[in-house]
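*Asks:* For reference, each letter of the sequence shown is one residue, going 7 to 183 in the working numbering.
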Amino acid sequence: MDKPRLTELVEQLSAGSERFRATVRSARSVHRFGRSPCQISEGALTSLPSAFALIRQEGTMAHSPGVAEPPTIRRTELQRHPASVPGRLIVQTLFEIPVGMASGRHRHPGEEVGFLIHGSVAMEFDDRPTLTIHAGQPFLIPPGVVHNARNITPDVTTKMLSTYFVDEDEPLVTQCR
Numbered sequence: 007m008d009k010p011r012l013t014e015l016v017e018q019l020s021a022g023s024e025r026f027r028a029t030v031r032s033a034r035s036v037h038r039f040g041r042s043p044c045q046i047s048e049g050a051l052t053s054l055p056s057a058f059a060l061i062r063q064e065g066t067m068a069h070s071p072g073v074a075e076p077p078t079i080r081r082t083e084l085q086r087h088p089a090s091v092p093g094r095l096i097v098q099t100l101f102e103i104p105v106g107m108a109s110g111r112h113r114h115p116g117e118e119v120g121f122l123i124h125g126s127v128a129m130e131f132d133d134r135p136t137l138t139i140h141a142g143q144p145f146l147i148p149p150g151v152v153h154n155a156r157n158i159t160p161d162v163t164t165k166m167l168s169t170y171f172v173d174e175d176e177p178l179v180t181q182c183r
């Protein structure tokens, strides 16, 4: 890929360009509504592979050699499928919280059924006592309940598997003040 094209893609990704968002929406609609890839615009098909290649390389491009990348909270979507209930989705994620960090107060538009894979968290709520969850333990958070997952493990990134049963028209996560 030539440098001007790479620069253009970096600008599109960092600025959250409408074309890139439209490309992502097109890709999601293929998955959500089962449309044929032939119904996606040619621009979407050509820019997606380049964008994903750029994202894979981003870690090596964005930091100087020998400089560690700062730890970040990551929510990786593993799967998303229509539920048997009309208007609902089942979404599964792997959520990683580095040492000393927290998810921030947020809520979901449906149930969160989770399992702590690694580490320990203090699950803080606005309307009930804090729940301490350790690796190997499940948890359930009702729809709309504001919560904050805080990594309380002194030396490892906490990893949890969360499955959501949510309204398809709502964002998966809504941050709260």
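C-beta: ideal position from N, C-alpha, C; glycine also.
1) Here's the rule: buried if 16 or more other CB atoms are within 10 angstroms of the residue's CB, otherwise exposed. What is residue 164?
2) To the nearest whole angstrom, what separates the beta carbons of residue 186 and residue 149, a pair I think is in contact under 8 Å?
3) So, is residue 142 buried or exposed, given that buried needs 16 or more other C-beta atoms within 10 angstroms?
4) From residue 115 to residue 73, what distance separates their C-alpha atoms?
5) What first and last residue would you give for the beta strand (DSSP E) that runs through residue 173?
6) To the nearest angstrom, how far is it from the Cα of residue 137 to the Cα of residue 122?
7) Check for me: the beta strand (DSSP E) holding residue 78 runs from which residue to which?
8) Using three-state DSSP, classify residue 99 as helix, strand or coil.
9) Report yes or no: is there a C-beta of chain D within less than 8 Å of the C-beta of residue 178?
*Replies:* Taking the definition as stated:
1) buried
2) As shown, the chain starts at 7 and ends at 183. That puts residue 186 outside it, with no answer to give.
3) exposed
4) 39 Å
5) 164 to 173
6) 13 Å
7) Element bounds for residue 78: n/a, residue is neither H nor E.
8) strand
9) The structure shown contains no chain D; it is built from a single protein chain.
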